[in-house]
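Residue numbers (the numbering used here), protein chains in the order written: chain A, 2 to 107; chain B, 105 to 225.
See the structure below:
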């Protein structure tokens, strides 16, 4: 089964910072990779799909990139609303989520 | 717009089964590939299974094989997830989720509100 390794598990940052979250697949998943934001008590919210496509309506400070089996989510200019937990997900057929990254206020 | 509305919280005893519903509004269920994801308290997201339109079959995560059944009632646009032989470790929030704007069998851009299932003796 394909494993997804997400890092870091927790990230402390300040408003305005640029943060990068990484997800590595144990084997090729092409670009079938999504990024979600989840706030406490809420359902996840899709941000990026197919590794680098920004969902309509999502702020452009969010971006995704693929390099082989390594994927990154970058938030350029962290906003107060962005302090949340982020998950990667490989999909298309079977699916697996990463372990999550909690972005907290420094 | 598309909405997924799930049934209410459940409390079950170990060994019992639970059936959670997910009603689609603003779209036709037969045009969607519905998936189920759960989240145990304080933990991450876990994909349970869903419909793969490429092979026209419902596929299940290996972990749930044999005790998970996903069904659909297209006359009421309602999807169901039934989990049997419940254990305390199945205590979780269960979400239905699907792809609409991003294309069929793509990432999940529409989610239900979640259903809390508590397994306790």
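Heads up, the beta-carbon is just placed ideally off N, CA and C, and yes, glycines get one too.
All of these numbers come straight from a predicted model, not from anything done at the bench.
Looking only at its own chain, which residues have a Cβ that is under 6 Å from the Cβ of residue 99 of chain A, when we skip the five neighbours before and after it? Only 5, 7, 24, 88, 89 meet the Cβ criterion.
Determine the DSSP secondary structure at residue 90 of chain A, reduced to helix, strand or coil. In the structure shown, residue 90 of chain A sits in a strand (DSSP, three-state: E or B).
So, helix, strand or coil for residue 210 of chain B, using DSSP? Residue 210 of chain B: coil per DSSP, three-state reduction.
Using a Cβ cut-off of 8 Å (strictly closer), state whether residue 38 of chain A contacts chain B. Closer than 8 Å: no.
Bridge partners for residue 155 of chain B per DSSP, in chain order? Bridge partners of residue 155 of chain B according to DSSP: B:162.
Host beta strand (DSSP E) of residue 64 of chain A (start-end): Where residue 64 of chain A is concerned, the enclosing beta strand (DSSP E) starts and stops at 63-68.
State the beta-bridge partners of residue 122 of chain B as determined by DSSP. Partner residues in the beta bridge of residue 122 of chain B, as assigned by DSSP, are B:187.
Count the other CB atoms within 10 Å of the CB of residue 49 of chain A; is the residue buried (16 or more) or exposed (fewer)? Counting Cβ neighbours within 10 Å, residue 49 of chain A comes out buried, since at least 16 surround it.
In the DSSP assignment, the beta strand (DSSP E) including residue 11 of chain A goes from what residue to what residue? Start and end: 11-14.
So with CB distances below 7 Å, who are the chain B contacts of residue 47 of chain A? Residues of chain B passing the Cβ test: 211, 212, 213.
Could you have a look at residue 18 of chain A and say whether DSSP puts it in helix, strand or coil? Note: residue 18 of chain A maps to coil in three-state DSSP.
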